[in-house]
Amino acid sequence: MKILRITAQGLPLFKENLDICFYAQQRVCEEDKDSLYRLTDNYYLHSACAFIGINASGKTSVLKVISLAMNIVKNEPINHVEAKSILGGTKKATIRTYFYDKRSYICCLETVIVAKKAKTEECVYTILSESLWEKPIATIRSKKYLTDFTGMKPVEQRNSDEAYLSDDVSFIIAHNKKANDSVEIFSLLSYTNVNVLPFTEDIPLEVIAFLDSTIEKLCFEKTEGKTFIHLKFKDEEEIILNNAADLEQYLSSGTIKGIITFSMVKEVLRSGGYLLVDEIENHFNKEIVTTLMRFFMDSRLNKDGGTLIFTTHYPELLDEYDRNDGICIVRNRNGIIAENLSYILKRNDIKKSDAYQSGFLEGTTPAYEAYIRLKKSLAASIH
Numbered sequence: 001m002k003i004l005r006i007t008a009q010g011l012p013l014f015k016e017n018l019d020i021c022f023y024a025q026q027r028v029c030e031e032d033k034d035s036l037y038r039l040t041d042n043y044y045l046h047s048a049c050a051f052i053g054i055n056a057s058g059k060t061s062v063l064k065v066i067s068l069a070m071n072i073v074k075n076e077p078i079n080h081v082e083a084k085s086i087l088g089g090t091k092k093a094t095i096r097t098y099f100y101d102k103r104s105y106i107c108c109l110e111t112v113i114v115a116k117k118a119k120t121e122e123c124v125y126t127i128l129s130e131s132l133w134e135k136p137i138a139t140i141r142s143k144k145y146l147t148d149f150t151g152m153k154p155v156e157q158r159n160s161d162e163a164y165l166s167d168d169v170s171f172i173i174a175h176n177k178k179a180n181d182s183v184e185i186f187s188l189l190s191y192t193n194v195n196v197l198p199f200t201e202d203i204p205l206e207v208i209a210f211l212d213s214t215i216e217k218l219c220f221e222k223t224e225g226k227t228f229i230h231l232k233f234k235d236e237e238e239i240i241l242n243n244a245a246d247l248e249q250y251l252s253s254g255t256i257k258g259i260i261t262f263s264m265v266k267e268v269l270r271s272g273g274y275l276l277v278d279e280i281e282n283h284f285n286k287e288i289v290t291t292l293m294r295f296f297m298d299s300r301l302n303k304d305g306g307t308l309i310f311t312t313h314y315p316e317l318l319d320e321y322d323r324n325d326g327i328c329i330v331r332n333r334n335g336i337i338a339e340n341l342s343y344i345l346k347r348n349d350i351k352k353s354d355a356y357q358s359g360f361l362e363g364t365t366p367a368y369e370a371y372i373r374l375k376k377s378l379a380a381s382i383h
């Protein structure tokens with residue numbers, strides 16, 4: 001299963017409807033094909049999707065919507081999904097997820113979600129209604145109509161027959177079983193500021209050497225129900241720990257996050273799934289981040305169409321892209337707005353980092369007035 005597009009309306013934090021495309025909207029040249037994933041002869045998907053914006057612009061919120069939509073399609077109960085917080089007690093939210101399945105069909109799942117207050121004052125979410133549309137990709141005349149279901153009737157709708165289903169689980173579960181299809185999601189949303197290495201039986205030496213060349217050995221061992229961590233630096237005695245949190249005393253946050261991230265990268269590239277990373281540059285230098293991006297943007301390595309979806313503050317990372325349509329600019333103007341860069345910047349040959357930092361794109365640099373106020377406040381407190 002490949003996600004093509006996600007739209008959402010009725011979310012409290014967003015100024016207008018959110019609309020995120022994961023397929024190439026601009027014309028695909030021969031030289032572009034090495035960095036994209038070929039869905040069929042005429043349609044390509046982005047292998048690395050960037051969401052960039054200044055502080056508090058809403059990048060994490062956009063990532064949460066994507067995570068929630070993907071988990072709905074994966075049949076996860078909404079109330080068990082960490083990203084449900086983005087619903088914010090909404091009166092009614094509508095999420096549409098467009099995807100390509102194993103039968104070579106383009107499908108659209110519309111899920112309408114409502115909130116109810118529980119006794120604990122927490123919100124409990126239920127699915128009010130659901131509809132599924134589908135069409136064979138072979139019948140689509142052009143990219144313009146790829147996710148257009150105008151005038152088509154749903155092939156399925158949620159009804160009382162789904163009584164056996166929990167009211168926060170999508171009825172898409174039946175479709176997925178029938179098509180023997182699913183979506184694999186690996187999320188680092190909860191690891192943005194927490195770096196505790198989870199138990200893993202296999203940490204490739206190549207990953208360790210790439211992140212920290214002084215480490216000779218790092219592995220986990222389970223004995224009689226207890227977990228031990230073996231850590232050895234070159235020309236040093238081996239250290240044995242029984243708590244993964246203690247690794248922080250010996251390894252940098254970047255090394256720990258790197259091991260977690262690159263272990264997930266291997267699984268995503270193998271399964272053709274999705275890796276969601278918030279603030280990709282957090283604890284990493286630019287070289288590690290660009291290496292990560294290039295792994296996904298190498299069609300010879302990424303043969304199954306694994307997709308990296310990330311947020312960043314770093315405009316320099318945009319220059320890794322030859323195209324504009326794999327980048328979204330996120331702004332907060334009395335509500336979050338996410339806009340594809342190809343709608344704002346028509347030419348691919350303009351240096352993206354320069355356009356971003358110059359303020360040409362609007363809302364991508366801290367306001368000058370805010371800067372002056374901050375400077376005056378600092379001056380007053382110092383002198």
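Each residue of the sequence shown is one higher than the one before, counting from 1 in the UniProt record's numbering.
Positions of the beta carbon are idealized from the N, C-alpha and C atoms, including for glycine.
Identify every run of the beta strand (DSSP E) within the UniProt domain "ATPase AAA-type core" (217-319), keeping only runs that are complete inside it and at least 3 residues long; order them along the chain.
Qualifying beta strand (DSSP E) stretches, in chain order: 226-233, 239-241, 274-277 and 307-312.
Which full runs of the beta strand (DSSP E) of 3+ residues lie inside the segment 102-143, going along the chain?
Listed in chain order, the complete beta strand (DSSP E) runs (minimum 3 residues) inside the segment 102-143 are 105-117 and 123-136.
Within its chain, find whatever has a CB closer than 6 Å to the CB of Lys-64; leave out the 5 residues flanking it on each side and keep chain order.
By one-based count along the sequence shown, residue 64 stands at place 64. If we look at Lys-64 and ignore the five residues flanking it on each side, its Cβ neighbours are Ala-83 and Ile-86.
Given a threshold of 16 other Cβ atoms within 10 Å of its Cβ, counted over all protein chains shown, does His-175 qualify as buried or as exposed?
Against the sequence shown, residue 175 aligns to sequence position 175. Answer is buried; the Cβ neighbour count reaches 16.
Bridge partners of Gln-157, per DSSP?
Along the sequence shown, read from residue 1 onward, the residue named residue 157 stands at position 157. Ser-131.
Report yes if the C-beta distance between Leu-188 and Val-277 is below 8 Å; otherwise report no.
Against the sequence shown, residue 188 aligns to sequence position 188. Against the sequence shown, residue 277 aligns to sequence position 277. It is a contact, given that the beta carbons lie within the stated cut-off.
In whole angstroms, what is the alpha-carbon distance linking Ile-256 and Ile-208?
As a first step, residue 256 is located in the sequence shown; it is residue number 256 there, counting from the start. As a first step, residue 208 is located in the sequence shown; it is residue number 208 there, counting from the start. Approximately 10 Å, taken between the alpha carbons.
When you compare the CB positions of Gly-326 and Cys-107, do they come within less than 8 Å of one another, or not?
As a working mapping, residue 326 is identified with position 326 in the sequence shown. As a working mapping, residue 107 is identified with position 107 in the sequence shown. In this structure, Cys-107 does not lie closer than 8 Å to Gly-326 by Cβ.
Assuming contact is defined by CB atoms lying nearer than 8 Å, are Thr-312 and Glu-281 in contact in what I supplied?
On the sequence shown, residue 312 is found 312 positions in, with the first residue counted as 1. On the sequence shown, residue 281 is found 281 positions in, with the first residue counted as 1. Yes, the Cβ-Cβ distance between Thr-312 and Glu-281 is below 8 Å.
So, using beta-carbon positions, are Ile-337 and Lys-15 closer together than 8 Å?
For the purposes of this step, residue 337 is taken as the residue at position 337 of the sequence shown. For the purposes of this step, residue 15 is taken as the residue at position 15 of the sequence shown. Cβ distance < 8 Å, so Ile-337 and Lys-15 count as in contact.
Between which two residues does the beta strand (DSSP E) harbouring Asn-332 extend?
Residue 332 sits at position 332 when you count from the first residue of the sequence shown. Here the beta strand (DSSP E) through Asn-332 covers 327-332.
Quick check: what's the CA-CA separation for His-283 versus Thr-290?
Within the sequence shown, numbered from 1, the residue matching residue 283 stands at position 283. Within the sequence shown, numbered from 1, the residue matching residue 290 stands at position 290. About 14 Å.
Just list the residues that DSSP pairs Arg-96 with in beta bridges.
Reading the sequence shown from its first residue, position 96 is the one you call residue 96. Bridge partners of Arg-96: Thr-7 and Glu-110.
Straight-line CA distance for Val-114 to Leu-269?
Your numbering for residue 114 matches position 114 in the sequence shown. Your numbering for residue 269 matches position 269 in the sequence shown. Each residue's Cα considered, the two are about 35 Å apart.
Hey, Ser-47 and Phe-296: beta-carbon distance below 8 Å or not?
Residue 47 sits at position 47 when you count from the first residue of the sequence shown. Residue 296 sits at position 296 when you count from the first residue of the sequence shown. Going by C-beta atoms, Ser-47 is nearer than 8 Å to Phe-296.
Between Thr-97 and Ile-6, which are expected to be in contact by the criterion C-beta below 8 Å, what is the C-beta distance as a whole number of angstroms?
Stepping through the sequence shown from its first residue, residue 97 is reached at position 97. Stepping through the sequence shown from its first residue, residue 6 is reached at position 6. At roughly 5 Å, the Cβ-Cβ gap stays under 8 Å, so Thr-97 and Ile-6 are in contact.
What does the alpha-carbon distance come out to for the pair Asn-285 and Asp-41?
Numbered from 1 along the sequence shown, position 285 holds the residue referred to as residue 285. Numbered from 1 along the sequence shown, position 41 holds the residue referred to as residue 41. In a straight line, the C-alpha of Asn-285 is about 37 Å away from that of Asp-41.
Taking just the CA atoms, how far does Ser-271 sit from Lys-303?
As a first step, residue 303 must be located in the sequence shown, where it is residue number 303. As a first step, residue 271 must be located in the sequence shown, where it is residue number 271. Spanning the two alpha carbons is a distance of roughly 10 Å.
In or out: Ile-382 buried (at least 16 other Cβ within 10 Å) or exposed?
For the purposes of this step, residue 382 is taken as residue 382 along the sequence shown, with counting starting at 1. Under this definition Ile-382 is an exposed residue.
Quick check on the burial criterion: 16 or more other C-beta atoms within 10 angstroms. Buried or exposed for Leu-341?
As a working mapping, residue 341 is identified with position 341 in the sequence shown. It is buried - the Cβ of Leu-341 has at least 16 other Cβ atoms within 10 Å.
Just mark Phe-265 as buried or exposed, buried being the case when its beta carbon has 16 or more other beta carbons within 10 Å.
What you label residue 265 is simply residue 265 of the sequence shown in a count that begins at 1. One point to set straight first is that residue 265 is Val, not Phe, in the sequence displayed. Classification for Val-265: buried.
Based on the DSSP secondary-structure assignment, which residues constitute the bridge partners of Asp-19?
As a working mapping, residue 19 is identified with position 19 in the sequence shown. DSSP output for Asp-19 lists Thr-7 as bridge partner(s).
Between the C-alpha atoms of Thr-120 and Ser-170, what's the straight-line distance to the nearest angstrom?
Indexing the sequence shown from 1 puts residue 120 at position 120. Indexing the sequence shown from 1 puts residue 170 at position 170. Thr-120 and Ser-170: Cα-Cα distance of roughly 25 Å.
Nearest by alpha-carbon distance to Ser-160: which of Glu-130, Ile-137, Ser-182 and Ile-185 is it?
What you label residue 160 is simply residue 160 of the sequence shown in a count that begins at 1. If we check each option's Cα against that of Ser-160, Glu-130 comes out closest.
Just curious, the alpha helix (DSSP H) that Leu-63 is in, first and last residue?
For this step, residue 63 is matched to residue 63 along the sequence shown. Leu-63 -> alpha helix (DSSP H) spans 59-73.
Taking DSSP as the reference, what is the three-state secondary structure of Tyr-321?
Counting from one through the sequence shown, the residue named residue 321 turns up at place 321. Coil.
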